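Engineer:
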Amino acid sequence: MIRGMRSLAAIAAITLSAAGTAGAAEATISKDLTATLALLGVPCDQVVSSQRLGDNDYLATCKDKNSYRIYVNPKGRVVAEKR
Amino acid sequence: MKGIVLAGLRTTVLLALLTAAGCACSERVAQAEPTGAGSPKDKPAAATTPGSAPPATPSAAESPPPAEAPAETRKPRATAEPSPKKDTRTAALEKPAAEPLDLAALEKRLRETEAIGTLTKLTLKNQVDDLLGRIEAHHDGTDKASLTELRQPFDLLIIKVLSLLQDRDAALAGAIATSREAMWGVLSDPAKFRSYLNQNRG
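If you read the sequences in order, they're chains P and C. Convert by adding 6 to the 1-based position in the first sequence; the result is the number in our numbering. Position 164 of the second sequence, counting from 1, maps to 156 under our numbering, and the rest follow consecutively.
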């Protein structure tokens, strides 16, 4: 019984830890996307969610619910396209 | 029975601690993000390019930067000398001119800093390259924009970089702010600018 509880605790700990790491990574990406949009002059108070579409290619959703695809074009320029 | 209760308590305490730790992490990230909008570690690209590390004009907006070189400024105060304030200010004003401009080092630090995200660094690099292109055109005579007009985008770029760095890499922000005029000195002088470009392209 005790072993079972310990195992559950361990699983819970690992799950929580992984969730925390993923959350931090997501926050870092959102921050990067928010800064990128600001530098590009796109009105976006804050990126609230993002989806990775590929290398340096993201779909970001702003607080105002507008979405932008942010990617590096073949010329090496970072571009934000409204979706 | 007692054993089971104790084990249950331990589990609860463990979960509570882990949850608290996770929340603390999230809070740190959240706090860092606001600044992040301007954030940015990876200006390396920007630093790499002449424009990124550009030296802005010493306007009122720039006066804050000197404060960014706190390390140096604080040291004098720590000595508790007679008139520390005057000495500190004087030192802060004189140092920029005295310190040699190491664009390569600044560029490397910008590339390696974690204060700026990858996409942000790339965006800054694009903008730095654009500015360098304009300055090159100016020196070639193909762009009629005056140096005074080119100084404005240079200053804006510096401000962007500083805003991205100031909260997460204050040391680098201070170094860039201190090198601002020296960078502009390189950009605005045709001979120095070409030499810089040749070094980077070569």
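C-beta: ideal position from N, C-alpha, C; glycine also. Since we're looking at a predicted model, the values are computed, not measured.
#1: Relative to the C-alpha of C/Pro182, which residue among C/His130, C/Asp94, C/Leu116 is closest?
#2: For chain C, check one thing: does any of its Cβ atoms lie closer than 8 Å to the Cβ of P/Val4?
#3: Cβ atoms of P/Thr34 and C/Gly125: under 8 Å apart, would you say?
#4: In chain order, which continuous runs of the beta strand (DSSP E) of length 3 or greater are located wholly inside the region 114 to 182 of chain C?
#5: Checking contacts by CB at 8 Å: is C/Thr110 closer than that to chain P?
#6: Tell me, please, which residues DSSP counts as bridged to P/Gly47.
#7: Should P/Leu39 be flagged as near chain C, meaning a C-beta pair shorter than 8 Å?
#8: Taking only beta carbons into account, state which residues of the region 112 to 127 of chain C come closer than 8 Å to chain P, listed in chain order.
#9: Grab the span of the alpha helix (DSSP H) containing C/Glu104 for me, first residue to last.
#10: Looking at C-alpha atoms only, which residue of C/Gln119, C/Ser180, C/Glu128 is the closest neighbour of P/Asn85?
#11: Find the residues of chain C that neighbour P/Leu59, judging by a C-beta separation of less than 7 Å, and give them in chain order.
#12: Say whether chain C places a C-beta atom closer than 8 Å to the C-beta of P/Asn62.
#13: Find the nearest neighbour of P/Ala41 within the set C/Ser155, C/Leu164, C/Ala169, C/Asp132, judged by alpha-carbon distance.
#14: Measuring CB to CB, does P/Ser56 end up less than 8 Å from P/Leu65?
#15: Are the C-beta atoms of C/Leu239 and some chain P residue less than 8 Å apart?
#16: Could you name the residues of the same chain whose beta carbon sits closer than 6 Å to that of C/Gln144, not counting the 5 residues immediately before and after it, in chain order?
#17: Ignore the nearest five residues each way along the sequence and tell me which others in C/Pro47's own chain have a CB closer than 7 Å to its CB.
#18: Are the C-beta atoms of P/Arg83 and some chain C residue less than 8 Å apart?
#19: Just the C-alpha distance for C/Thr134 and C/Ile127, rounded to the nearest angstrom, thanks.
#20: Since C/Lys246 meets chain P, which of its residues come closer than 7 Å, beta carbon to beta carbon?
#21: For P/Arg75, which residues from the same chain have a beta carbon less than 6 Å from its beta carbon, with the 5 sequence-adjacent residues on both sides left out?
#22: Quick one: what's got a C-beta closer than 6 Å to C/Ala165's C-beta in the same chain, skipping five residues either side?
#23: Please tell me whether P/Thr67 has its Cβ less than 8 Å away from any Cβ of chain C.
#24: Roughly how many angstroms separate the alpha carbons of C/Glu104 and C/Leu111, rounded to a whole number?
#25: Rounded to the nearest angstrom, what separates C/Arg186 and C/Asn192 at their Cα positions?
#26: Measure the alpha-carbon distance for C/Thr140 versus P/Leu39 and round it to whole angstroms.
#27: What does DSSP give as the partner residues of P/Glu86 in its beta bridges?
Structural biologist: On the basis of the coordinates in this document:
#1: As a position in the second sequence, residue 182 of chain C is number 190, starting the count at 1. Residue C/His130 is the option with its Cα nearest to C/Pro182.
#2: Nothing in the structure corresponds to residue 4 of chain P, since chain P is present only between 7 and 89.
#3: Numbered from its first residue, the second sequence carries residue 125 of chain C at position 133. Numbered from its first residue, the first sequence carries residue 34 of chain P at position 28. Cβ atoms of C/Gly125 and P/Thr34: not closer than 8 Å.
#4: The region 114 to 182 of chain C contains no whole beta strand (DSSP E) run of 3 or more residues.
#5: On the second sequence, position 118 is the one that residue 110 of chain C refers to. At least one chain P Cβ lies under 8 Å of C/Thr110.
#6: Sequence index remark: in the first sequence, residue 47 of chain P carries index 41 (1-based). Beta-bridge pairing links P/Gly47 to no other residue.
#7: Counted from its first residue, the first sequence places residue 39 of chain P at position 33. Closer than 8 Å to some Cβ of chain C, the Cβ of P/Leu39 qualifies, so yes.
#8: Per Cβ criterion, the list reads Thr112, Leu114, Thr115, Leu116, Asn118, Gln119.
#9: Translated into positions along the second sequence, residue 104 of chain C becomes position 112. Per DSSP, the continuous alpha helix (DSSP H) segment holding C/Glu104 begins and ends at 95 to 104.
#10: What you label residue 85 of chain P is simply residue 79 of the first sequence in a count that begins at 1. It should be pointed out that residue 85 of chain P corresponds to Val in this sequence rather than to Asn. Out of C/Gln119, C/Ser180, C/Glu128, C/Gln119 has the C-alpha closest to the C-alpha of P/Val85.
#11: Residue mapping note: residue 59 of chain P aligns to position 53 of the first sequence, counting from 1. Near P/Leu59 there are no residues of chain C at all, since even the closest Cβ is about 13 Å away, more than 7 Å.
#12: Against the first sequence, residue 62 of chain P aligns to sequence position 56. P/Asn62 counts as touching chain C.
#13: Here residue 41 of chain P corresponds to residue number 35 of the first sequence, with the count starting at 1. Of C/Ser155, C/Leu164, C/Ala169, C/Asp132, the residue nearest in Cα terms is C/Ser155.
#14: Counting from 1 along the first sequence, the entry for residue 56 of chain P is found at position 50. Counting from 1 along the first sequence, the entry for residue 65 of chain P is found at position 59. Result yes, Cβ atoms of P/Ser56 and P/Leu65 sit closer than 8 Å.
#15: Residue 239 of chain C lies beyond the range of chain C shown here (-7 to 194); nothing can be said about it.
#16: In the second sequence, the residue the question calls residue 144 of chain C occupies position 152. Setting aside the 5 residues that flank it on each side, C/Gln144 has no residue in the same chain whose C-beta is closer than 6 Å to its C-beta.
#17: Indexing the second sequence from 1 puts residue 47 of chain C at position 55. For C/Pro47, the pLDDT reaches just 40, beneath the cut-off of 50, and the residue's location in the model is therefore unreliable, although a value from the coordinates is still provided. The residues are Ser171, Arg172, Glu173, Ala174, Met175, Trp176, Gly177.
#18: To locate residue 83 of chain P, count along the first sequence from 1; it is residue 77. Yes, its Cβ sits closer than 8 Å to a Cβ of chain C.
#19: If you number the second sequence from 1, residue 134 of chain C lands on position 142. If you number the second sequence from 1, residue 127 of chain C lands on position 135. When rounded, the distance between both Cα atoms is 10 Å.
#20: Summary: the structure shown does not reach residue 246 of chain C, with chain C confined to residues -7 through 194, and so no result is reported for it.
#21: Locating residue 75 of chain P in the first sequence gives position 69, where the first residue counts as 1. A distance below 6 Å between beta-carbons, with the five flanking residues on each side excluded, links P/Arg75 to the following residues of its chain, in chain order: Leu65, Glu87, Arg89.
#22: Counted from its first residue, the second sequence places residue 165 of chain C at position 173. Contacts found: Glu60, Leu154, Leu157, Gln158.
#23: As a working note, residue 67 of chain P is residue 61 in the first sequence. Chain C contact via Cβ: absent.
#24: As a working mapping, residue 104 of chain C is identified with position 112 in the second sequence. As a working mapping, residue 111 of chain C is identified with position 119 in the second sequence. Roughly 14 Å between the two C-alpha positions.
#25: Position 194 of the second sequence holds residue 186 of chain C. Position 200 of the second sequence holds residue 192 of chain C. The C-alpha of C/Asn192 is placed about 10 Å away from the C-alpha of C/Arg186.
#26: Residue 140 of chain C sits at position 148 when you count from the first residue of the second sequence. Residue 39 of chain P sits at position 33 when you count from the first residue of the first sequence. If I take the Cα positions, the gap works out to 32 Å.
#27: Position 80 of the first sequence, counting from 1, holds the residue named residue 86 of chain P. Sequence check: residue 86 of chain P is Ala here, not Glu. Beta-bridge pairing by DSSP links P/Ala86 to P/Ile76.
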